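Step one of this worksheet: look at the structure below.
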Amino acid sequence: MIDPVLTTRGLRKTFGAKVAVADLSLSVGRGEVFGFLGPNGAGKTTSLKMLLGLVAPSGGEATVLGAPLGDVRARAKIGFLPEHFRFQDWLTGRELLRFHGRLYGLKGARLEARIEMLLARVDLLDAAGREVKGYSKGMLQRIGLAQALLNEPELVFLDEPTSGLDPLGRRLVREVIREARAGGTTVFLNSHLLGEVEATCDRVAFVKEGRVVREGMIAPDGSCEVEIKHAGVLPSGVLEALGRLGENPYPDGPGIVRLRAAGDAAVPEIARLLVERGVPLLGLSARRPSLEDQFLEIMGDDGRPG
Amino acid sequence: MSAILTIADSTLREAGKKRVLLASLLFGSAFLALFTVGLTLIQRDMMSHGASLLERRMMYTFVGMAGLYVANFLVVMTAIFMPVDTLSGEIATGILQTVASKPVRRSSIVLGKWIAYAVVLAGYLALMAGGTIVAGRIVTGFTPPGIAIGLPLMALEALVLLTLSIAAGTRLSTLAGGVTVFGLYGLAFLGGWFEQIGTILGNGAARYLGTIASLLMPSESMWQRAAWFMQTPIVRDLHMSPFSPASLPSEAMVAWAVGYVVAVLGFAVYSFGRRPL
């Protein structure tokens, strides 16, 4: 993967005898909207807390924005919205943002301008002078989203950002995520609302029992994920050539390359290219399963509703 | 430094909203009013009975020390219970997740909160002890001696309890933390009395028991030393009031208390730095 902002290898967390995260190995590229999926109790929130430096790992390695976990300078470029956003409820919405902005080291006119811009963006300008203890759940999620974006982060972690939001609120969050992505922010989205993930994410990882059991791209309208199986080493220049037929081709283990193609029609062209370049092709498949199909397939029938 | 000040500023504002501070202020005001009225009645009575200057001084010292004792107790309760949930409560509710994920060292969070509550306690001590002294001065014209030494010692006692309360919050729930620190205060209180009684009776074992309790928790010994300085020599040396310590805690105990605050604060920083949030 080119320019990863987040890489983990064998990240592990145990609480006594209980294994919360068994082996988290994943990589997130700059500018991606990355979905982190799994059933309740799969270790998603603990993983996220480790990446934010809130919980120390029991083992493994990880870097976030090129720095070790918990690095204070890296955290200046990170935003975070926890699943249950809690706050000093005696503050007004504007004061809450000012407090968190100061923690980012922002001050003066720059901070005030950023606060007003974000309040307008999450549609809370009219409520900004009220104490947040009077906010509805949806308003709290929106003010929480605003605090996560105060520092114009390079990487933002959103833990169930649409939880408690009505359809209008969910749409607003989707728009904010798209705007953040367009501005170059990498979004790490932890959610169990598969429709939301499908609508916003470029790539997802499925987590089960504290392990990443599958990573893959999300297919936009009509697009599909193409999997190429080949023997030997891929000749040089093939990945770049594949990039002209689809998006973001990347090796996914030995002898496997994945990319996203605009539709099934790209598959014969990919096959032709590989043959022309002398790639010993073992298999070529395109699939367009829904995220829910994938989720249920991966989690198996033993999964109990959370 | 700016993060410490931001946390301190927020904590100060939060402290102002806490009901425990409001309760402390209400009870403190009631106490000051009662003290002033009571002292006025005693003053009138002594004057009408033609009490001598020595008798009046002894009575003012006794009543003044009783007032300072209550002021000290109110400060102690505030030092234990006002900050006890500042970390444990915010850990339990998850408020600290968004704070600690910012570019802020965990030590800054602990130090910011400690500074804020130290400021609040200093203000409360000034109000309670200062109010007692000023009321006594206005009513009787008498000012206790040694307040320049006594009041800082009372402040040090409050700092010991404040620091323990914050340190407890890094590992214990709010309730468990409050009970633990209050229990330690009780231990020191009892130990202090054993030390005094042991000294009077010449019982070395009881005295050493008290000293050990003071080493474990040097709060009561700071009050004993403050009380010794804030009484007139005749009342103090003849042990004419229950506030006259038979055994004066040494300067080394003061140094121990200062080191105790530094060490416990260091533990709080260390412990909170490793606490999963």
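The listed protein sequences correspond, in order, to chains A and B. Sequential numbering of the first sequence, starting at 1, is according to the working numbering. Sequential numbering of the second sequence, starting at 1001, is according to the working numbering. Note that the Cβ used here is the ideal one computed from N, Cα and C, for glycine as well. Remember, it's a predicted structure, so these values are computed and weren't measured experimentally.
Counting only beta-carbon separations shorter than 8 Å, does residue i have a partner in chain A?
i	result
Thr-1170 (chain B)	no
Pro-1276 (chain B)	yes
Ala-1100 (chain B)	yes
Ala-1120 (chain B)	Here residue 1120 (chain B) is Val; the residue named in the question, Ala, does not match the sequence. So, not an interface residue.
Gly-1064 (chain B)	no
Lys-1017 (chain B)	yes
Leu-1012 (chain B)	no
Gln-1097 (chain B)	yes
Met-1001 (chain B)	no
Val-1104 (chain B)	yes
Gly-1094 (chain B)	yes
Thr-1006 (chain B)	yes
Going by alpha carbons, who is nearest to residue i out of the options?
i	options	result
Arg-1225 (chain B)	B:Leu-1190, B:Val-1070, B:Phe-1062, B:Ala-1252	B:Ala-1252
Met-941 (chain B)	B:Pro-1233, B:Leu-1164, B:Thr-1180	The requested residue 941 (chain B) is not part of the displayed model; chain B covers only 1001 to 1277.
Thr-200 (chain A)	A:Thr-162, A:Gly-232, A:Gly-210	A:Thr-162
Ala-67 (chain A)	A:Val-5, A:Arg-203, A:Leu-48, A:Arg-110	A:Val-5
Glu-1220 (chain B)	B:Ser-1002, B:Met-1154, B:His-1239, B:Gly-1259	B:Met-1154
Ala-266 (chain A)	A:Gly-278, A:Ser-290, A:Ala-241	A:Ala-241
Ile-1200 (chain B)	B:Leu-1248, B:Tyr-1185, B:Phe-1182, B:Met-1222	B:Leu-1248
Met-1077 (chain B)	B:Gly-1202, B:Val-1254, B:Phe-1062, B:Val-1020	B:Val-1020
Ile-78 (chain A)	A:Val-197, A:Ala-271, A:Gln-147	A:Gln-147
Ser-191 (chain A)	A:Gly-138, A:Gly-10, A:Leu-111, A:Leu-48	A:Leu-48
Lys-1018 (chain B)	B:Phe-1073, B:Thr-1006, B:Val-1120, B:Leu-1054	B:Val-1120
Val-28 (chain A)	A:Leu-284, A:Gly-237, A:Ala-261, A:Ala-205	A:Ala-205
Thr-186 (chain A)	A:Tyr-135, A:Val-33, A:Leu-24	A:Val-33
Ala-76 (chain A)	B:Ile-1091, B:Thr-1098, B:Ala-1268, B:Tyr-1069	B:Thr-1098
Arg-260 (chain A)	A:Leu-118, A:Ser-25, A:Ser-223, A:Leu-145	A:Ser-223
Ser-1107 (chain B)	B:Phe-1062, B:Phe-1031, B:Ala-1092, B:Ile-1007	B:Ile-1007
Between residue i and chain B, is there a C-beta pair that is closer than 8 Å?
i	result
Tyr-104 (chain A)	yes
Pro-82 (chain A)	yes
Val-55 (chain A)	yes
Phe-85 (chain A)	yes
Ala-76 (chain A)	yes
Gln-141 (chain A)	no
Phe-99 (chain A)	yes
Leu-52 (chain A)	yes
Val-212 (chain A)	no
Arg-288 (chain A)	no
Pro-305 (chain A)	Unreliable positioning characterises Pro-305 (chain A) in this predicted model, as indicated by a pLDDT of 47, which lies under 50. The coordinate reading is nonetheless provided below. With 8 Å as the cut-off, Pro-305 (chain A) does not count as an interface residue toward chain B.
Val-72 (chain A)	yes
Gln-88 (chain A)	yes
In terms of residues, what are the limits of the alpha helix (DSSP H) holding residue i?
i	result
Arg-94 (chain A)	93-103
Lys-1113 (chain B)	1106-1140
Ile-1007 (chain B)	1002-1017
Phe-1272 (chain B)	1251-1273
Ile-1197 (chain B)	1174-1201
Ile-307 (chain A)	Any answer about residue 307 (chain A) is impossible in this case: the structure gives chain A only from 1 up to 306.
Give a yes or no on whether the C-beta atoms belonging to residue i and residue j are separated by under 8 Å.
i	j	result
Gln-1196 (chain B)	Ala-1246 (chain B)	yes
Val-122 (chain A)	Asp-89 (chain A)	no
Ala-1079 (chain B)	Ala-1158 (chain B)	yes
Tyr-1117 (chain B)	Ala-1206 (chain B)	no
Thr-1163 (chain B)	Arg-1275 (chain B)	no
His-100 (chain A)	Leu-150 (chain A)	yes
Gly-169 (chain A)	Pro-1103 (chain B)	no
Arg-214 (chain A)	Ala-22 (chain A)	no
Lys-208 (chain A)	Gly-35 (chain A)	no
Ile-228 (chain A)	Leu-165 (chain A)	no
Pro-1144 (chain B)	Met-1047 (chain B)	no
Arg-94 (chain A)	Ala-42 (chain A)	no
Gly-53 (chain A)	Leu-69 (chain A)	yes
Gly-1183 (chain B)	Arg-86 (chain A)	no
Leu-1187 (chain B)	Leu-1216 (chain B)	yes
Ala-1167 (chain B)	Ser-1271 (chain B)	yes
Ser-1214 (chain B)	Gly-1198 (chain B)	no
Tyr-1260 (chain B)	Val-1160 (chain B)	yes
Gln-1043 (chain B)	Thr-1132 (chain B)	no
Gly-1112 (chain B)	Thr-1174 (chain B)	no
Val-1258 (chain B)	Leu-1151 (chain B)	no
Span of the beta strand (DSSP E) holding residue i?
i	result
Thr-1232 (chain B)	Segment: none, Thr-1232 (chain B) is in no beta strand (DSSP E) and carries neither H nor E.
Tyr-250 (chain A)	246-251
Glu-61 (chain A)	59-64
How about the segment 155-171 of chain A and the segment 245-261 of chain A: do they share at least three Cβ pairs that are nearer than 8 Å?
no
Three or more C-beta pairs under 8 Å: does that hold for the segment 1023-1037 of chain B against the segment 1084-1093 of chain B?
no
May I ask you to verify whether the segment 1018-1035 of chain B touches the segment 1125-1134 of chain B, counting CB pairs closer than 8 Å and requiring at least 3?
yes
Are at least three pairs of beta-carbons, each pair with one atom in the segment 178-191 of chain A and one in the segment 7-19 of chain A, less than 8 Å apart?
no
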